[in-house]
Amino acid sequence: MTRRDTLVGQPVERLEDLRFLSGRGQYVDDRSVDGMLHATLVRSTVAHGILRSIDTTAACALPGVHAVYTAHDLGAKVPVIPMRMEANADLARFEQPVLAHGKVRYVGEPVALVVADTAAIAEDAAGLVGVDVASLPPVLDRASSERGEVLLFEAVGSNRGLSLQAIRGDAAAIDAAFQDAPYTRRRRFKVHRHTALPMETRGLLAEWDPVRQRLTVSGLVKVPFAIRSLLATLLDMPESAIDAVESDCGGGFGMRGEFYPEDFLVSFAARRLGQAVKWIEDRNEHLLAMTHAREVECDLEIACDLDGTIRGLRGRGAYDLGAYIRPNAVTAPRNFAQMAGGPYRIPALHMDVAMLVSNKTPAGSYRGPGRFETDYFRERLFDIAAGDLGIDRVAFRRHNLLRRHEVPGRLPVVMPYGTGGETDSGDYHETFERCLAEIGWHDKVALAGRQVDGVFHGLAVGSYIEGGASGPREHARLVFEADGRVTVHVGSSAVGQGLETIFAQIAADALGLPMDRIAGVFHGSSGIVKMGYGSLGSRSTVMGGSAILDAAKNLDHALRAAAAARFGCAPGEVSIEDGLRSAAARGRSLPLAGPAGIAADGIEAEGVFENNRRTYSYGTHAAHLTVDPATGQVRLLEYVSVEDVGRIINPMTLHGQVLGAIVQGLGGTLLEHLVYDGQGQLLTGSLASYLVPAADDFPNIRSIVLENHPSPVSPLGAKGAGEGGVISVGGVVANAIASALSSFGVQPDELPLTPPRIWELIQRSSGQVDLP
Amino acid sequence: MKLPAFDYAAPATMAEAIELLERHGGDARPLAGGQSLMPVLAFRLAQPSMLVDIGRIPGLDSIEIGEDGVRLGARVRWCDILEHPSLRSVHPLLVEAIGHVAHYPIRNRGTVGGSLAHADPAAEMPGIAFTCEATMVIAGRAGTRMVAARDFFTGPLETVIGPAELLVEVRLPPWPAARRWGFEEFARQRGAFALAAVAAFYDERDGVAIGVHLGVIGATGVVQRLPGAEAALEGRPVDAPGIAAAVAAARAEVDPPEDAEASSAYRRSLVGTMVERALAAATAR
Numbered sequence: 036m037t038r039r040d041t042l043v044g045q046p047v048e049r050l051e052d053l054r055f056l057s058g059r060g061q062y063v064d065d066r067s068v069d070g071m072l073h074a075t076l077v078r079s080t081v082a083h084g085i086l087r088s089i090d091t092t093a094a095c096a097l098p099g100v101h102a103v104y105t106a107h108d109l110g111a112k113v114p115v116i117p118m119r120m121e122a123n124a125d126l127a128r129f130e131q132p133v134l135a136h137g138k139v140r141y142v143g144e145p146v147a148l149v150v151a152d153t154a155a156i157a158e159d160a161a162g163l164v165g166v167d168v169a170s171l172p173p174v175l176d177r178a179s180s181e182r183g184e185v186l187l188f189e190a191v192g193s194n195r196g197l198s199l200q201a202i203r204g205d206a207a208a209i210d211a212a213f214q215d216a217p218y219t220r221r222r223r224f225k226v227h228r229h230t231a232l233p234m235e236t237r238g239l240l241a242e243w244d245p246v247r248q249r250l251t252v253s254g255l256v257k258v259p260f261a262i263r264s265l266l267a268t269l270l271d272m273p274e275s276a277i278d279a280v281e282s283d284c285g286g287g288f289g290m291r292g293e294f295y296p297e298d299f300l301v302s303f304a305a306r307r308l309g310q311a312v313k314w315i316e317d318r319n320e321h322l323l324a325m326t327h328a329r330e331v332e333c334d335l336e337i338a339c340d341l342d343g344t345i346r347g348l349r350g351r352g353a354y355d356l357g358a359y360i361r362p363n364a365v366t367a368p369r370n371f372a373q374m375a376g377g378p379y380r381i382p383a384l385h386m387d388v389a390m391l392v393s394n395k396t397p398a399g400s401y402r403g404p405g406r407f408e409t410d411y412f413r414e415r416l417f418d419i420a421a422g423d424l425g426i427d428r429v430a431f432r433r434h435n436l437l438r439r440h441e442v443p444g445r446l447p448v449v450m451p452y453g454t455g456g457e458t459d460s461g462d463y464h465e466t467f468e469r470c471l472a473e474i475g476w477h478d479k480v481a482l483a484g485r486q487v488d489g490v491f492h493g494l495a496v497g498s499y500i501e502g503g504a505s506g507p508r509e510h511a512r513l514v515f516e517a518d519g520r521v522t523v524h525v526g527s528s529a530v531g532q533g534l535e536t537i538f539a540q541i542a543a544d545a546l547g548l549p550m551d552r553i554a555g556v557f558h559g560s561s562g563i564v565k566m567g568y569g570s571l572g573s574r575s576t577v578m579g580g581s582a583i584l585d586a587a588k589n590l591d592h593a594l595r596a597a598a599a600a601r602f603g604c605a606p607g608e609v610s611i612e613d614g615l616r617s618a619a620a621r622g623r624s625l626p627l628a629g630p631a632g633i634a635a636d637g638i639e640a641e642g643v644f645e646n647n648r649r650t651y652s653y654g655t656h657a658a659h660l661t662v663d664p665a666t667g668q669v670r671l672l673e674y675v676s677v678e679d680v681g682r683i684i685n686p687m688t689l690h691g692q693v694l695g696a697i698v699q700g701l702g703g704t705l706l707e708h709l710v711y712d713g714q715g716q717l718l719t720g721s722l723a724s725y726l727v728p729a730a731d732d733f734p735n736i737r738s739i740v741l742e743n744h745p746s747p748v749s750p751l752g753a754k755g756a757g758e759g760g761v762i763s764v765g766g767v768v769a770n771a772i773a774s775a776l777s778s779f780g781v782q783p784d785e786l787p788l789t790p791p792r793i794w795e796l797i798q799r800s801s802g803q804v805d806l807p
Numbered sequence: 043m044k045l046p047a048f049d050y051a052a053p054a055t056m057a058e059a060i061e062l063l064e065r066h067g068g069d070a071r072p073l074a075g076g077q078s079l080m081p082v083l084a085f086r087l088a089q090p091s092m093l094v095d096i097g098r099i100p101g102l103d104s105i106e107i108g109e110d111g112v113r114l115g116a117r118v119r120w121c122d123i124l125e126h127p128s129l130r131s132v133h134p135l136l137v138e139a140i141g142h143v144a145h146y147p148i149r150n151r152g153t154v155g156g157s158l159a160h161a162d163p164a165a166e167m168p169g170i171a172f173t174c175e176a177t178m179v180i181a182g183r184a185g186t187r188m189v190a191a192r193d194f195f196t197g198p199l200e201t202v203i204g205p206a207e208l209l210v211e212v213r214l215p216p217w218p219a220a221r222r223w224g225f226e227e228f229a230r231q232r233g234a235f236a237l238a239a240v241a242a243f244y245d246e247r248d249g250v251a252i253g254v255h256l257g258v259i260g261a262t263g264v265v266q267r268l269p270g271a272e273a274a275l276e277g278r279p280v281d282a283p284g285i286a287a288a289v290a291a292a293r294a295e296v297d298p299p300e301d302a303e304a305s306s307a308y309r310r311s312l313v314g315t316m317v318e319r320a321l322a323a324a325t326a327r
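Chains as they are written, first to last, in our numbering: chain A, 36 to 807; chain B, 43 to 327.
The following block contains the structure:
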C-alpha cells in the first residue's frame, strides 16, 4: 500500500479538544465509584531524623476512619521502589521505601497512609497521627553531602552515588588539548532546583474486585504498563490480574507517571480493605512530593585556539538528587554529561558528574533532562570565551558549529553505562542562520548593552540538539471494524500532547482514509495492546506512529487474505478499492463492511516498531530582552526558535509543544525556584511563592519549524520534538542578560535570574552606570 | 487542602451576625469573599468553629460618594471599585491601586472589608486606607465605633476589631480634583504579592508640594508611611532634586526584613525606586 500523505503535515484540529473543552475529559478525579474511600498521606515534617515511633491510636479512633497504615503493616520487608531506567547496584542502595521506617530523609516523605470515608476526615485523622522523630542535622548542599560527616544512609557509608563520565578522545588527548591551548577558561555555574508543575496534580483510584481478585488502577500516565509490572511485583500478584487504566492527564513532562510511593500504597489499601480507594494530591503536597529536578553545579572549562577554534571542554559537576534515587534519576546526569558539547565540534571532552543525595525531595527527569542544564553552562561559557578572545559571539558559534558533512557524528560515551550512539541527520547551520535572520540579529545587535528609556537591551543566541524516540519498541493494533471504520490502538500514552490527533492522521494516511473513518484512538491502558512503552524521551510520535505504519501494512495483508479466502484466490490477486470500501478479484467485488462484507466480524492487525537508535532534532534560539537596572526586572521583547524536526506530523500541535516548552524554560530561568531553609523545610509550598509563568508574562515567542532533514531512523522521517523548546532557554536568556548588562560586567552564573538576584549582580559589579 | 469541619450561618441582619459572633466568643470568623480565609482554612492555619457569612446582610455593598469623601461598604468587591462609573475620577489613587489586586477571579470575589480585616501588610487596600488616613466603621453589640486607620492596624494580620465586632465600612477623606498622585507597585509577576509598592499624593500650591503622603506596602512587613521622605518633600517643588531627597530619605528610614525572595538591601532600594516612580507619575498627571 502506498502512503498518500494528505493528512500528515496538516494542522488538523485536535480531536481531543472537543472532549476537553466541553468538560468531558476523564481525569482521574472525575472518576468515582460507589463506596469509594479516600486516602491521604502523613508526611514527614522533619528533613532528617530517626523515626522512633508512630502513634495512630487517636487517628484510628476518629469516626469515619477505616485504616491507618505504617511501614509495620507492610510485612517483614517494606517494598522499595526500584530504578526503572539504567538500574545500577551502587545507586540501588539509595532506593526509596514506600513508607519511611528507621529514618525519615526529607520533608514530605510518606510516613503513613490514612484511609477514611471522605478526604476531609482523612486529613483530620492525618493531623492526629503522632510521629516521633529525633532530628538529625540535615544535609542540604553539595559541600555537606560530599563531606559526608552526616550520612543519609549509614550502611552505605557515603552520600555519593555513582559518578558518570562522558568521554570523547583518550585521556592523553584531553589533557593535551588543555595543556597546549593558548586560551583556557574555567567557570562555576549552577542551576537551581525546580520542577515541571503540571497543571493537574497526581491522583489514583484503585479498585479491588474481591470476587475475581483483580486490581484496577486508574490515573496512570506516561508508562502504565511499566507501573503495572512493578505493582504486580511489589503486591506479589500476577501482572495479568491488574488492569492499568490510563486517564486523561493534565501534563506529564517526564515527572508525572513514574512509580511513586503512593502508587503502591493506594493499591495496597484497596486490596487490604477490599474497597475502592481514591487519592488526589493537593498542590502543597505536589510541591513536596512530586520529583524535583535540575539542581546541579559544575566547574566547566574550555580550551580554544586564539581564532576561537574549540580544542576541548571538560567539567566536574554534581547533581543534588535529593533523599532517594528515583526510577529515572540517572537520565538528567547522563544527558548532562553526554550533551555537554551540544551541536558543536568538540574534539576532546571529559565530563565527570557525581550523583549526590541530600535531605530534600528526590529528583527525577524533567523535560529536556540534563540538556537544559548543560546547554546553559556551555552557552554561558561560550559567550565568556568569545568575549575574552575578542571574537563576535555569532562568529564564535558559526566557527564551531558542526558542518553538514560532520553529521551524523558519534556522541561521547557515558561510563559506566557505555551509552554512546550517534546523531542522525541535519544541517545545524541552516537553523542557526535562519534564526539570526528571523530575529533580525544584524540590525538589533547594535542595541546590545545600550540603555534606552532607562532599560538596557540585550541579545543572545544558542544552539541545541535534542534526543528523541527512546526505544526499545512500541506496539500498535488497527481494527477494521464491522461498520467500515478503523480504530487505532497503541501502547503510547497521552500526557496532553495531542497524541490521538497525530495517530489518527498517521493511521488515516497509511490506510488511505479520511479522518472521519478513524473511529477512535485508544492508548496507554493495559488490554489495548499486548505491551506498551508509553510516552517519555520524545518518543510517542516516532515510536507509536511507526508501529501504526507497521500495523497498517499488516491490516492490508489481513484484509487481502480475508478477501482471498472469500473469493478463493491468492491474496496477490485481490485489490482493495474505493478507500477500503470493497475488495475485488477475478471480476467479482464485495464490500468490506456490513453484515455481508468480508470484514463482517471485524479484522485486526498488529504492528510493532523496534528501534534502538535515537532521533536528533536540533535548532537555534535567540532572545531580545531588556533589563531595568533599578529593579532587576527582565522583559522579554522577543524570543525566536528555529528547529528542524525531520518531518512535521501536525504543525499546530507541534507549535503548541514548542511554545509550551519555551515558556516552561522561561519559568525555570526567571521565576520558578524550590527554596529550602536551613532546616530542610520547603519555603515555596504554594503557587503564591512558587511562581510559574502566566498567560501575560511572555507574549512574544515565535516558533519556526523546518522539515528539511528527515530522520533515517524512523519510516515516518519524524524526530522527537517535545523537549527541544526548553533546552536552550536558560543559556540564551542568561546570555542576553549578560549582553544587556555588559557595561556592568555582570555574569549571571546561577539560575534563577530573579529581579533581586540581577539587582545584586549589578550592585556587586565593577561597572559604574548612572541609574535612572 | 480540605477544609476542617465548621458550622456555618448566613444571618439576614447585622444584629444577628454580631450575636452569632458573640455567642462563639473568639472562635467564629466572619466570611465575606473568602479569598484569604478559605486558603487559611485549607492549609489548616486556622480552625474556627463557625463561619458567619455576611453575604445576606443588606447595605454592606454600597459605594457612596459625597462631600465628606468616599464610603465603601465592607462587602464592596474589587471589581465593583474598578467598574464604578465615577470612582476613577473621584478617587483615582484608590482605583489605580485596586487594579493591582491579585487576579481577575479574586477581584470578582475579594472584598474591601475582608482585606482590611485580614490586614496583610502586602495588600493594597490596607495601604490605601492607611496612607489616605481613612476611618473604619466597626459595628458591635453597642452600636458602631469609628477608628482611624493609624489606630486600626496593630501589626501584620492584626487589627483592633474585637471578636464580636464587624467591620462595616471604610471612609476615605475627600479627594481634591487637582491633587497630584501616583501609585507604583513592583511584583515579580502580575497579581503576585508586591515586593514593594508606594502610594504617593500631595497638593500643589505656588509650585510646592503641600500635605505630602507617602505610604509603602509589601516591603517592610507592616503598612507604613514614610515620614522622613514626606518631610523631605513638604513645601518643596517636586522636581528632580526634591524627588531625589525623598528617595534618599525613604531608603534611609525603611528597614525591610530579609526573606527567601529578596534581601533587605534590595527591598530598601526598591522602596526608593517606587517612591521615585510614584512621584514622577504624580508630576506627569
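Ideal Cβ placement from N, Cα and C applies to all residues, glycine included.
Checklist entry - Quick one: any contact between the region 175-192 of chain A and the region 143-151 of chain A, if contact means 3 or more CB pairs under 8 Å? => result no
Checklist entry - Roughly how many whole angstroms lie between the Cα atoms of Arg38(A) and Gly580(A)? => result Residue confidence is low: Arg38(A) scores 49 on pLDDT, short of 50, so the model does not pin down where it sits. No coordinate-derived value is stated.
Checklist entry - Distance, Cα to Cα, Ile736(A) vs Val252(A)? => result 39 Å
Item to check | Thr55(B) classed as buried or exposed, judged by whether at least 16 other C-beta atoms fall within 10 angstroms | outcome: exposed
Checklist entry - Beta-carbon of Arg293(B) versus every beta-carbon of chain A: anything under 7 Å? => result no
Checklist entry - First and last residue of the beta strand (DSSP E) that includes His492(A)? => result 490-503
Checklist entry - What number of angstroms, rounded off, separates the C-alpha of Gly314(B) from the C-alpha of Asn770(A)? => result 29 Å
Checklist entry - If you follow the beta strand (DSSP E) that Cys339(A) is part of, which residue opens it and which one closes it? => result 331-339
Next on the checklist: Give me the DSSP bridge partner(s) of Met386(A).
Outcome noted: Ala201(A), Gly350(A)
Checklist entry - Within 7 Å (strictly less), CB to CB, does Leu437(A) reach chain B? => result no
Item to check | CA nearest to the CA of Asn194(A), picked from Arg203(A), Ile202(A), Gly183(A) | outcome: Gly183(A)
Checklist entry - Interface residues of chain B around Val677(A) at Cβ under 9 Å? => result Those do not exist, as Val677(A) stays about 28 Å from chain B at its closest Cβ, beyond 9 Å.
Checklist entry - Does the region 279-299 of chain A come close enough to the region 339-350 of chain A that 3 or more CB-CB pairs lie under 8 Å? => result no
Checklist entry - Any C-beta of chain A sitting closer than 7 Å to the C-beta of Met43(B)? => result yes
Item to check | Pick from Gly285(A), Pro664(A), Gly286(A), Gln248(A) that is closest to Pro273(A), judged by C-alpha positions | outcome: Gln248(A)
Next on the checklist: Can you find the residues in the same chain that come closer than 6 Å, C-beta to C-beta, to Ala231(A), ignoring five residues on each side of it along the sequence?
Outcome noted: Phe288, Met290, Tyr401
Checklist entry - Given a threshold of 16 other Cβ atoms within 10 Å of its Cβ, counted over all protein chains shown, does Asn647(A) qualify as buried or as exposed? => result Around the beta carbon of Asn647(A), fewer than 16 other beta carbons sit within 10 angstroms, so the residue counts as exposed.
Item to check | Rounded C-alpha distance that separates Asp342(A) from Glu48(A) | outcome: 50 Å
Item to check | For Ile259(B): DSSP bridge partner residues | outcome: Ala239(B)
Item to check | Arg228(A): contacting residues in chain B (beta-carbon distance under 8 Å) | outcome: For Arg228(A), there are no neighbours in chain B by C-beta distance under 8 Å, as the nearest C-beta there is about 13 Å away.
Item to check | Within the region 99-136 of chain A, ranges of the alpha helix (DSSP H) (whole runs, at least 4 residues) | outcome: 124-127
Checklist entry - Which residue's Cα is closest to the Cα of Pro447(A): Ser652(A), His327(A), Ile209(A)? => result Checked all of Ser652(A), His327(A), Ile209(A); the closest Cα to Pro447(A) is Ile209(A).
Next on the checklist: Counting only Cβ pairs nearer than 7 Å, list the residues of chain A close to Leu312(B).
Outcome noted: Under the 7 Å cutoff, chain A gives Thr666.
Item to check | Within the region 531-600 of chain A, ranges of the alpha helix (DSSP H) (whole runs, at least 4 residues) | outcome: 534-546
Next on the checklist: With a threshold of 7 Å between beta carbons, is Val804(A) in contact with chain B?
Outcome noted: Only weak support exists for where Val804(A) lies, its pLDDT of 48 falling under 50; the coordinates are left without a value.
Item to check | beta strand (DSSP E) segments (min. 3 residues) lying fully within the region 142-182 of chain A | outcome: 145-151, 165-170
Checklist entry - Since Pro790(A) meets chain B, which of its residues come closer than 9 Å, beta carbon to beta carbon? => result Phe228, Arg230, Leu237, Ala304, Tyr308, Leu312
Checklist entry - Can you check whether the CB of Arg221(B) is closer than 7 Å to the CB of Asp245(B)? => result yes
Item to check | Expected contact under 8 Å - CB spacing of His73(A) and Ala154(A) to nearest Å | outcome: 4 Å
Checklist entry - For Val115(A), does the count of other Cβ atoms within 10 angstroms reach 16, so buried, or fall short, so exposed? => result By the 10 Å Cβ count, Val115(A) comes out exposed.
Checklist entry - Around the C-beta of Val317(B), are 16 or more other C-beta atoms found within 10 angstroms, so that it is buried, or is it exposed? => result Buried, because 16 or more other Cβ atoms sit within 10 Å of the Cβ of Val317(B).
Checklist entry - Short check: CB of Glu753(A) to CB of Thr536(A), under 7 Å? => result For the sequence presented, residue 753(A) should be read as Ala rather than Glu. The answer is no: Cβ separation not under 7 Å.
Checklist entry - Rounded C-beta distance between Ile19(A) and Tyr499(A)? I'm assuming under 8 Å. => result The shown model of chain A, from 36 to 807, leaves out residue 19(A), and the question about it has no answer.
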